[in-house]
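Here is the structure we will look at, set down as structure tokens.
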Amino acid sequence: MTFDWSVIWSNYGLLLQGAGMTIVLAALTMLIAIPGGLLLAALRISRVAALRTVATGFVESFRATPLILQIYWAFYVLPATFGIGLSPFATALLALSMNVSSFNSETFRAGILSIRKGQTNAGLALGMSRLQTMRYIILPQATMRVLPALASTWVSLFKDTSLVSTIAVAELSFVSLKLRAETYRILEVLTAMAVLYWAMGYPQAKLVEWLHRRFRVVE
Amino acid sequence: MKQPREGTNVDGAPARVGDAQEPILVFERVRKNYGDLLALDNVTFKLNRGEVACLIGPSGSGKSTLLRCANALETIDGGRIIFEGIDVASSSTNVRKLRQRMGMVFQNFELFPHLTVLHNITIGSTVVLGMSMRDATIRAVELLRKVGLPEKASEHPAALSGGQQQRVAIARALAMEPDVMLFDEPTSALDPETIGEVLSVMKRLADEGMTMLVVTHEMDFAKRVADWVVVFDKGALIEEGPPSQIFDNPLVPRTRSFLSHLGWHGESIVEGDGR
Amino acid sequence: MSPDFSPVLEYWPFLLKALGVTLQLSGASVLCGMVIGLVVGIWRAYGGRVARWLIALYVDSVRAIPILVIIIWTYFALPLVIGVSIQPIGAGILALSFHLGAYAVEVVRAGLLSVRPGQLRAALALGMSRRQAIRVIVLPQALIRMLPPIGSLIVIAVKDSAIASVVAVPELMRQSQLLAGITYRPFEIFTTTMLLYFLILYPIARGTDRIYRKLAHLGAS
Numbered sequence: 001m002t003f004d005w006s007v008i009w010s011n012y013g014l015l016l017q018g019a020g021m022t023i024v025l026a027a028l029t030m031l032i033a034i035p036g037g038l039l040l041a042a043l044r045i046s047r048v049a050a051l052r053t054v055a056t057g058f059v060e061s062f063r064a065t066p067l068i069l070q071i072y073w074a075f076y077v078l079p080a081t082f083g084i085g086l087s088p089f090a091t092a093l094l095a096l097s098m099n100v101s102s103f104n105s106e107t108f109r110a111g112i113l114s115i116r117k118g119q120t121n122a123g124l125a126l127g128m129s130r131l132q133t134m135r136y137i138i139l140p141q142a143t144m145r146v147l148p149a150l151a152s153t154w155v156s157l158f159k160d161t162s163l164v165s166t167i168a169v170a171e172l173s174f175v176s177l178k179l180r181a182e183t184y185r186i187l188e189v190l191t192a193m194a195v196l197y198w199a200m201g202y203p204q205a206k207l208v209e210w211l212h213r214r215f216r217v218v219e
Numbered sequence: 001m002k003q004p005r006e007g008t009n010v011d012g013a014p015a016r017v018g019d020a021q022e023p024i025l026v027f028e029r030v031r032k033n034y035g036d037l038l039a040l041d042n043v044t045f046k047l048n049r050g051e052v053a054c055l056i057g058p059s060g061s062g063k064s065t066l067l068r069c070a071n072a073l074e075t076i077d078g079g080r081i082i083f084e085g086i087d088v089a090s091s092s093t094n095v096r097k098l099r100q101r102m103g104m105v106f107q108n109f110e111l112f113p114h115l116t117v118l119h120n121i122t123i124g125s126t127v128v129l130g131m132s133m134r135d136a137t138i139r140a141v142e143l144l145r146k147v148g149l150p151e152k153a154s155e156h157p158a159a160l161s162g163g164q165q166q167r168v169a170i171a172r173a174l175a176m177e178p179d180v181m182l183f184d185e186p187t188s189a190l191d192p193e194t195i196g197e198v199l200s201v202m203k204r205l206a207d208e209g210m211t212m213l214v215v216t217h218e219m220d221f222a223k224r225v226a227d228w229v230v231v232f233d234k235g236a237l238i239e240e241g242p243p244s245q246i247f248d249n250p251l252v253p254r255t256r257s258f259l260s261h262l263g264w265h266g267e268s269i270v271e272g273d274g275r
Numbered sequence: 001m002s003p004d005f006s007p008v009l010e011y012w013p014f015l016l017k018a019l020g021v022t023l024q025l026s027g028a029s030v031l032c033g034m035v036i037g038l039v040v041g042i043w044r045a046y047g048g049r050v051a052r053w054l055i056a057l058y059v060d061s062v063r064a065i066p067i068l069v070i071i072i073w074t075y076f077a078l079p080l081v082i083g084v085s086i087q088p089i090g091a092g093i094l095a096l097s098f099h100l101g102a103y104a105v106e107v108v109r110a111g112l113l114s115v116r117p118g119q120l121r122a123a124l125a126l127g128m129s130r131r132q133a134i135r136v137i138v139l140p141q142a143l144i145r146m147l148p149p150i151g152s153l154i155v156i157a158v159k160d161s162a163i164a165s166v167v168a169v170p171e172l173m174r175q176s177q178l179l180a181g182i183t184y185r186p187f188e189i190f191t192t193t194m195l196l197y198f199l200i201l202y203p204i205a206r207g208t209d210r211i212y213r214k215l216a217h218l219g220a221s
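Here the protein sequences come in this chain order: A, B and C. Just so we're aligned: the first sequence equals residues 1 to 219 in the numbering used here. Just so we're aligned: the second sequence equals residues 1 to 275 in the numbering used here. Just so we're aligned: the third sequence equals residues 1 to 221 in the numbering used here.
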């Protein structure tokens, strides 16, 4: 069995395009999912019970079902049952954003709740309003705590973009699999795909590890 | 300059510092429940201007709760708390304005870990009082000097020892130029070596005439620095009076037994150095 | 088009069988993953520098590559390397275990390190060998502390099992796709499938919390 690795070099432009799409998809999703997560977190700690219930139901549904199923659901059900016709890219973005927003909301909620009540009291004792206490004392500290978790979520998101290849979005996996189908160089193309993901993912994972060490919370 | 610590009134009752003026803080039959538990049971006493009062008593007797009700961090279920003539618990009261005139020092220091020491002190002035950063910094530097930590301005709280953090916390409260300082067991979380440095800052404050309400287990401090001592047990005030009464001749048996459990046998201690 | 769940009822046995495959797939990968995690994790916590470096490479690399890529590579490319063809479900278990193992290593390592070093010293002071001490004193405490993260591992395993659908493993995701194609009722089928996954995963996520709280005192030192 001979292996022809030149296939990779002659198509590297295509593969890089796919990688670029992966990055774009992940970045856009996170751009939506950070405010989305904040919104959901706020709803989940709201004093209005109805809002709390709806938000919690939303978040738990997205966290307790596979992402690939959520993608398929969006792709097949939205047009067939609700008459909403979105491009594969838009569908992918929708499913990914809602999924990551749900995970982010948990991160934000935990971050806010983890600050000791004494900190709020200390701010109030100085005469600050609840809003000022939130803004100057609680949120800055919560942000430092959620940064490592958000970074981990980003790395997961980056990998999860591969799932939208199943609905023909031209990110790295889709592009690689198409190349494999066209050239029949299975081992070469699939290995190149794995290596490209590794090359992008490994440094990011190391960065996240560093973030976890740097922002470790010492009580 | 403060008035002399002890003397008597015409009717023989012990005179208190600041009796000539309106009291700064009055607790009137204050009641508070935590579910079934009666945390505060009809507590009535007053704090005069310029007076240093220490609240002592067993753990869980309600002293800290009372303090937190004074600046409305906790609510009361009955009675009144009057601060400078204003009802603290009334719904029409602007509590934030009141808190600006009261300084609070917490058992766990509660410095803001994400801010430098200097910032911890200036944040009240800038955010709440609207001072300019420049003026706030001038005041903060002066206060840091006063509590003995001028070189720590750009450090973060985590780099300081417990005693140093608590002194910064005192400076943070003083930056608001309060009329009264509330201390909630300020030395309970400190190593024995660092308790002294915090107590001497507090004594300096007292000597300068600051009105102070201190919840503490440091009987030595109470006897030497307090003008008035209030004894609590199970949410109720069981005795109050000058230190000479409470520590040498308590009128109430429970006070005596509480103090003896702490190793205090009613003798005046020799004025030593150290603490 | 009004919802019509009758195809769901009609093909219910089909879905249940697929659910069974999902559970088999997840269960097998959790088991194998934990074995990998325990062996490699203990080795990493107590092994030498070279071992630690190699294992770090394994863990960080696997966690940098999407599970989809690992599954596809295992099914399509691995046979070309070793010269033996692999069944879809075999490839699924292999890939999932390999992937989960990397996470399990971290869980085991964290669990072992969270037991106070004094415990090991106390055991050694009693005259136990290092191996005995680890087995009898450290490991049991560590295992209790590992319960909540293992719960998350199970959740990951079940979710990732759905990705095995891309190599035609007849688990729940794949079979619902087929069913949706046959019945032209994607809403009913996929919603039912979502419900099934939710009913499995939600209790696991909550349940491990509860079990941990009951047992936590046994692992506290």
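The beta-carbon is built from N, C-alpha and C at its ideal position, and this holds for glycine as well. Remember, it's a predicted structure, so these values are computed and weren't measured experimentally.
Contact with chain B by residue i, beta-carbon distance below 8 Å
i	result
residue 113/A	no
residue 149/A	no
residue 17/A	no
Expected contact under 8 Å - CB spacing of residue i and residue j to nearest Å
i	j	result
residue 184/B	residue 107/B	5 Å
residue 277/B	residue 66/B	There is no way to answer for residue 277/B, as the model of chain B reaches only from 1 to 275.
residue 33/A	residue 44/A	Wrong, their Cβ atoms sit about 15 Å apart, outside the cutoff.
residue 166/A	residue 68/A	7 Å
residue 137/C	residue 119/C	6 Å
Proximity winner among the options, relative to residue i (alpha-carbon distances)
i	options	result
residue 304/B	129/B, 31/B, 60/B and 35/B	Absent from the structure is residue 304/B, since the part of chain B shown begins at 1 and ends at 275.
residue 227/B	207/B, 217/B and 235/B	207/B
residue 102/C	168/C, 2/C and 61/C	61/C
residue 153/A	201/A, 104/A, 136/A and 164/A	104/A
residue 130/C	177/C, 143/C and 42/C	42/C
residue 166/C	28/C, 71/C and 35/C	71/C
residue 32/B	68/B, 18/B and 48/B	68/B
residue 50/B	27/B, 218/B and 16/B	16/B
residue 105/C	35/C, 79/C, 180/C and 189/C	35/C
residue 4/C	197/C, 198/C, 199/C and 191/C	191/C
is_contact[residue i, chain C] using C-beta, thresh 8 Å
i	result
residue 7/A	no
residue 205/A	yes
residue 211/A	no
residue 48/A	no
residue 77/A	yes
Proximal residues of chain A, C-beta to C-beta of residue i below 7 Å
i	result
residue 114/B	140, 141 and 144
residue 127/B	128, 132 and 136
residue 133/B	Per Cβ cutoff of 7 Å: no residues; residue 133/B is ~14 Å from chain A at best.
residue 68/C	162, 163 and 173
Residue i, buried or exposed, once every other Cβ within 10 Å from all chains shown has been counted against 16
i	result
residue 10/A	exposed
residue 71/B	buried
residue 152/B	buried
residue 140/C	exposed
residue 21/B	exposed
residue 184/A	exposed
residue 119/B	buried
residue 73/C	buried
residue 63/B	buried
residue 6/C	exposed
residue 160/C	buried
residue 130/B	exposed
Contact list for residue i against chain A, beta-carbon separation under 8 Å
i	result
residue 73/B	121, 124 and 125
Short CB-CB distance (under 8 Å) between residue i and chain A
i	result
residue 226/C	Not covered by the structure: residue 226/C. The range shown for chain C is 1 to 221.
residue 110/B	yes
residue 197/C	yes
residue 202/C	yes
residue 104/B	yes
residue 124/B	yes
Cross-chain neighbours of residue i in chain A, by beta carbon under 9 Å
i	result
residue 100/B	126 and 127
7 Å Cβ cut-off: residues of chain C touching residue i
i	result
residue 186/A	76, 77 and 80
residue 29/A	Within 7 Å Cβ-Cβ: nothing; residue 29/A doesn't reach chain C, min ~15 Å.
Chain C residues whose Cβ lies nearer than 9 Å to that of residue i
i	result
residue 178/A	The premise fails here: residue 178/A is roughly 13 Å from chain C at the closest Cβ pair, so nothing lies under 9 Å.
residue 60/A	198, 202 and 205
Chain B residues whose Cβ lies nearer than 7 Å to that of residue i
i	result
residue 118/A	106, 108 and 110
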